[in-house]
Structure formats: structure tokens, C-alpha cells
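Quick mapping for you: the protein sequence lines, in order, are chains A and B. Each residue of the first sequence is one higher than the one before, starting from 1 at the first, in the numbering used here. Each residue of the second sequence is one higher than the one before, starting from 180 at the first, in the numbering used here. Glycine included, C-beta positions come from ideal geometry on N, C-alpha and C. As the structure is a computational prediction, the values presented were derived from the model and not from experiment. Worksheet: one structure, shown below.
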Amino acid sequence: MSIPSPSAHVPRVSIQTADFDTGAELAALRAGDLGVGAVVSFVGTVRDRHEAEALGPGSIQAMELEHYPGMTESAIEAMIDATMARFRVRAARVIHRVGVLQPGEQIVFVAVTSSHRGDAFQACEFLMDYLKTQAPFWKKETTPEGARWVDARVSDDAALARWGDFASNAVASGGPGQA
Amino acid sequence: MKIKLRYFASLREALGAQGELELPEGSRVGEARDRLIARGAPFEASLARHKALRAALNQALCDESAVLADGDELAFFPPVTGG
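This is how it looks when you write it as C-alpha cells:
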């Protein structure tokens, strides 16, 4: 019989339609591990606007998320492995919702525990930057002009590049000779 | 050999969720895309070379030089936008 490792009772990845309780998730992630000195988390929420695209407050009425069942889970597991190999992280947790969400709802949760804050802050941001550019999710938003697929942003690729990793998501190759 | 195809997001809306493709042994992902484009509408427009698309082979991101094998699952989809 092996001794359970800290937070072994918490799954690392959940893809779900249901909402999540950030307080309960954070408590569960660090439960039983007295070596934890830092917990950093990120919660992404659905906005009702895109300032840059002249879509004002209230113009995004709903957001629908599609994913690639099976690949989504394994891709995020691999991202967590990469995060734990790179930073001194004790436990990590990713929750991503799918289906139809309303403005103001929680959409994604990323949390890490570490002995010290430096690794915790960096690991959380690294994991989120990976998720934005490598995990197979797609957003479709409902606007007054109808539903439309959200375009990937070059700035998300740039965020990942700060870590020395390159995504080429927003400008994914169309074939030989293309950027 | 025969591979299984899957499409997501805007590609799923245009092409359906899945399909199949017969290919010569040793074909690469880029060749599969070219054969689909050669089918004409609606594949030609959805998979056109000027479009930024990503591919996954057996549920792992891949590039177009990845070599296919019989029974593989090949997915094409637009750049991802989760988070």
C-alpha cells in the first residue's frame, strides 16, 4: 500500500457543463499538503462585449463552447505534465466548461499549489497560456448580427512565446511556405 | 489504407462531424488535406490552402508532414479559442 500523494483525490482535469465553486476547488487542491505555501488561480469569465470590435456592453448575448472529447482531456493532462516539469508545483487543477454559457458566467479555472509564490504565479500563467493556444476548444458567440465563431488572437500566441514555446495557433500554417 | 476524419467548429458545420478517406500507404497529413480539397465543394473552400487550420492525428496536434497509418483518426479544425 502506497501513501496517497498530496491531492491525489482531486482529478487534474475536468471538462463539464456545470459551474464550479472556486473556494471548494482551492480547498480541495491543497487539502492534506502542509508543504503548500502558495496557491495561485485564474478564473476566466464570459464577457458581454468586445471593445476592439465595436461590440459594446450587452452585445454578446451568449457563448457556446465546443471541444474535442478525448483529445481535450489528454492535451490538458500533457500541459499539466509540462508545467510540473518546468516549475516547482505540488498540485494543479484545470476545469473548463463547455456548452452554452451566459455573460458573467465562469468558463475556465486554472489553479496550482507550490511551496512558494514565484513558481505558483508563473506556473499558473504558463498553464493558461498553453491552454489558450493548444487545447481543442472553440467559442461561438451570439451577437445582434447572429452567431459567429470567435477568431484566435495573435496576442495569445505571443503570450506563449514569452516562455520560449511557440504555438502558431492564430496563424496556423495553411501549408508549405505560409507563416 | 483507410483513415477516419473528424471536423470541429466551423469545419464541422460545413463538412459534417466525420468522414472517411482512402489513401495510399505512407501518405502524409498534407496529402490527405489535398485529396479532400480535390473533392470540390464544400471541402475545397473549407480546407483551402489559404485558410489557417490545425490538424490532430490520433488526438494529438500534428503538422502536415505527419505520416498516416491505416485506421488513424485525423482531425481538421480552425485555430483554437478556449480559455
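Check the Cβ-Cβ distances between B/Leu236 and every residue of chain A, and say whether any is below 8 Å.
no
Taking its Cβ as the centre, do 16 or more other Cβ atoms sit within 10 Å of B/Gly261, making it buried, or is it exposed?
Counting of Cβ neighbours within 10 angstroms places B/Gly261 among the buried residues, the total reaching 16 or more.
Taking 8 Å as the CB-CB cut-off, is A/His50 touching chain B?
no
Where A/His67 falls, given that 16 or more other Cβ within 10 Å makes a residue buried
buried
Per-residue contacts from A/Phe87 into chain B (C-beta, under 7 Å):
Under the 7 Å cutoff, chain B gives no residues; its nearest Cβ is about 19 Å from A/Phe87.
Report all residues from its chain with a CB closer than 7 Å to the CB of A/Thr17; omit the five preceding and five following residues, and keep chain order.
Arg97, Val98 and Gly99
Would you verify that the beta carbon of A/Gly174 is, or is not, closer than 8 Å to some beta carbon of chain B?
Residue placement at A/Gly174 is poorly supported in this model, since its pLDDT is 44, which falls under 50; the coordinates still yield a value, given next. Taking Cβ atoms only, chain B reaches closer than 8 Å to A/Gly174, which makes this a yes.
Residues of its chain near A/Asp19, where Cβ-Cβ distance is below 8 Å and the 5 sequence neighbours each way are ignored
Arg97, Glu105 and Gln106
So, for A/Ile95: in the same chain, excluding its five sequence neighbours on each side, which residues have a beta-carbon less than 6 Å away from its beta-carbon?
Ser14, Phe20 and Phe109
Helix, strand or coil: how does DSSP classify B/Lys230 here?
coil
Does chain B have any CB closer than 8 Å to the CB of A/Ser59?
no
May I have a chain-ordered list of the beta strand (DSSP E) segments no shorter than 3 residues that lie completely inside the region 57-132 of chain A?
62-67, 91-97, 99-101 and 106-114
Secondary structure at A/Glu145, three-state DSSP: helix, strand or coil?
A/Glu145 sits in coil when the DSSP states are folded into three classes, being neither helix nor strand.
For B/Phe222, the three-state DSSP class (helix, strand or coil):
helix
Cβ contact check for the region 135-147 of chain A and the region 113-121 of chain A: 3 or more pairs under 8 Å:
No, because fewer than three Cβ pairs between the region 135-147 of chain A and the region 113-121 of chain A fall closer than 8 Å, the two stretches do not touch.
Please confirm if A/Val100 has its CB atom under 8 Å from at least one CB of chain B.
no
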